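Residue numbers (our numbering): 19 to 100.
Glycine is no exception: its CB is placed at the ideal position from the N, C-alpha and C atoms.
All values derive from a computational prediction rather than experimental measurement.
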C-alpha cells in the first residue's frame with residue numbers, strides 16, 4: 019500500500035513512517051503536492067538484471083586489464099626533469 023505524505027509531515031513523524039515502511043508499505047513524500055521521494059522497504063530493492071550483471075562483469079574485466087594510452091613512453095626520472 020502507498021501512502022502520500024508531505025515533507026513537513028515526515029519531518030514531524032519520521033519514526034511513524036519508518037514503521038509503516040518496515041511493514042512492507044511504500045511512502046511517497048511530496049513537496050507542495052508534487053512527489054519528490056519514495057521510501058521503500060529494503061527487501062523490495064531490485065537486484066541487477068542478468069544483462070546488467072553481465073555488463074558489470076565486463077566493465078570489471080576491462081578495468082583490471084587497464085587502458086593503453088598509446089603515446090610517447092618515458093621514464094619517471096624524465097618526467098621530473100621536464
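- When 19, 20, 47 are compared, the shortest CA-CA separation from residue 32 is found for 47.
- In the three-state scheme derived from DSSP, where H, G and I count as helix and E and B as strand, residue 75 is classed as helix.
- Taking the CA atoms as reference points, residue 37 sits about 14 Å from residue 56.
- When the beta-carbon positions are compared, residue 21 and residue 58 stay at least 7 Å from each other.
- Residue state for residue 26 is assigned as helix, using DSSP reduced to three classes.
- Rounded to the nearest angstrom, the gap between the Cα atoms of residue 73 and residue 61 is 24 Å.
- Note: residue 49 is bridge-paired with 52 in the DSSP secondary-structure output.
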